[in-house]
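There are 2 protein chains.
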Amino acid sequence: MLSKIEEILLLMVCKLADEAFAMQIREEVKELTGKPYSIGGIYVPLDRMVKRGWLTMQDLPGEAKRMGRPRRKYLITAEGLRLLKESHELQSKMWNLPEGIINKIMLS
Amino acid sequence: MLSKIEEILLLMVCKLADEAFAMQIREEVKELTGKPYSIGGIYVPLDRMVKRGWLTMQDLPGEAKRMGRPRRKYLITAEGLRLLKESHELQSKMWNLPEGIINKIMLS
DNA sequence: ACTACTTTTTCTATTTTTAAGAAAAACCCA
DNA sequence: TGGGTTTTTCTTAAAAATAGAAAAAGTAGT
Numbered sequence: 025m026l027s028k029i030e031e032i033l034l035l036m037v038c039k040l041a042d043e044a045f046a047m048q049i050r051e052e053v054k055e056l057t058g059k060p061y062s063i064g065g066i067y068v069p070l071d072r073m074v075k076r077g078w079l080t081m082q083d084l085p086g087e088a089k090r091m092g093r094p095r096r097k098y099l100i101t102a103e104g105l106r107l108l109k110e111s112h113e114l115q116s117k118m119w120n121l122p123e124g125i126i127n128k129i130m131l132s
Numbered sequence: 025m026l027s028k029i030e031e032i033l034l035l036m037v038c039k040l041a042d043e044a045f046a047m048q049i050r051e052e053v054k055e056l057t058g059k060p061y062s063i064g065g066i067y068v069p070l071d072r073m074v075k076r077g078w079l080t081m082q083d084l085p086g087e088a089k090r091m092g093r094p095r096r097k098y099l100i101t102a103e104g105l106r107l108l109k110e111s112h113e114l115q116s117k118m119w120n121l122p123e124g125i126i127n128k129i130m131l132s
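Just so you know, the sequences run in chain order A and B.
Read left to right, the first sequence gives residues 25 to 132 (this note's numbering).
Read left to right, the second sequence gives residues 25 to 132 (this note's numbering).
This is the structure in structure tokens:
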């Protein structure tokens, strides 16, 4: 099962598409959650997912005009997509509860 | 931020209401996710959430006809409800993406 | 009442993940 | 060339997930 941060990161990679660089992703996560994330908090799970084959990296050496190391673009794999879909389906299932329960939660 | 299992457990406590005993919850989680969970996989996060004030426990000594120790019923607190709501809102926000991206994922 | 059995909880140990950030690498421009 | 900026690599510490043995408490049969 995907962890929370893994799910968020995979989704942000999909969303950013050609702009899916680690620091851009970090920005998106901050915006989404409202909380700043440490550098390791982004790279560590991203790299773990690369190792597992849920993401791939594509080096863009010097191509884009910028400072720093060769930027790495992240791309989601078929397996990554499958897991993300599965995760979303679990959530739909989870929250598919009787009206009364949902109201109790959402009106709290 | 709630972890995946914490969110599921809080939700199952809400759903089961008067039947929110650990082993019942374990059954529900298995049914929801399709995977069996170890005993510790249920009790450890439940107890952690009690310590944090997201759940409370109510002892029902001998009341219900059954074997074993006095059964413990779990109840969600106001703080637990708040976190669950927050978690749901984050998810709605996350998955609120352009149609094209959603399709790419859901049709994979 | 003693014993065997069932159910639920308590407790512990191991592995995995999260989290934070220092240090290194690569590039830019004066 | 040398100082400044950006991105990545690497390391460490804390928290969470996972698995399951052992203990507790009651029941039923003899």
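Backbone N, C-alpha and C fix where the C-beta goes; we use that ideal spot for every residue, glycine too.
Practice task
Look at the Cβ atom of residue 79 of chain A, then the Cβ atom of residue 98 of chain A, and state whether they are nearer than 7 Å.
Solution key: On the first sequence, position 55 is the one that residue 79 of chain A refers to. On the first sequence, position 74 is the one that residue 98 of chain A refers to. Pairing residue 79 of chain A with residue 98 of chain A gives a Cβ-Cβ distance under 7 Å.
Practice task
For residue 101 of chain A, name the three-state secondary structure that DSSP assigns.
Solution key: Walking along the first sequence from the start, residue 101 of chain A turns up at place 77. In this structure, residue 101 of chain A counts as coil in the three-state DSSP scheme.
Exercise for the section: Drop a sphere of 10 angstroms on the beta-carbon of residue 77 of chain A, count the other beta-carbons inside from all chains shown, and report buried for 16 or more, exposed for fewer. Expected result: The residue given as residue 77 of chain A occupies position 53 in the first sequence. By the neighbour-count rule (16 or more Cβ atoms within 10 Å), residue 77 of chain A is not buried but exposed.
Handout entry: Listed by chain order, chain B residues near residue 39 of chain A by CB distance under 9 Å
Key = The count along the first sequence starts at 1 and reaches residue 39 of chain A at position 15. Near residue 39 of chain A (Cβ distances below 9 Å), the residues of chain B are 121, 122 and 125.
Problem - Residues bridged to residue 107 of chain B (per DSSP) - result: Here residue 107 of chain B refers to the residue found at position 83 of the second sequence. DSSP output for residue 107 of chain B lists no bridge partner at all.
Problem - CA nearest to the CA of residue 130 of chain B, picked from A:105, A:126 and A:27 - result: For the purposes of this step, residue 130 of chain B is taken as residue 106 along the second sequence, with counting starting at 1. Per the Cα distances, A:105.
Problem - DSSP state of residue 72 of chain B mapped onto helix, strand, coil - result: If you number the second sequence from 1, residue 72 of chain B lands on position 48. Assigned with DSSP and collapsed to three states, residue 72 of chain B falls in helix.
Handout entry: Short Cβ contact (7 Å threshold) for residue 81 of chain B with residue 96 of chain B
Key = Within the second sequence, numbered from 1, the residue matching residue 81 of chain B stands at position 57. Within the second sequence, numbered from 1, the residue matching residue 96 of chain B stands at position 72. Taking 7 Å as the Cβ cut-off, residue 81 of chain B and residue 96 of chain B qualify as a contacting pair.
Exercise for the section: Would you decide whether residue 111 of chain B is buried or exposed? Buried here means 16 or more other CB atoms lie within 10 Å of its CB. Expected result: Taking the first residue of the second sequence as 1, we reach residue 111 of chain B at position 87. Buried is the call here.
Practice task
Please determine, among B:59, B:84, B:101 and B:109, the residue with the shortest C-alpha to C-alpha distance to residue 75 of chain B.
Solution key: Position 51 of the second sequence, counted from the start, is the residue given in the question as residue 75 of chain B. Closest by alpha carbon: B:101.
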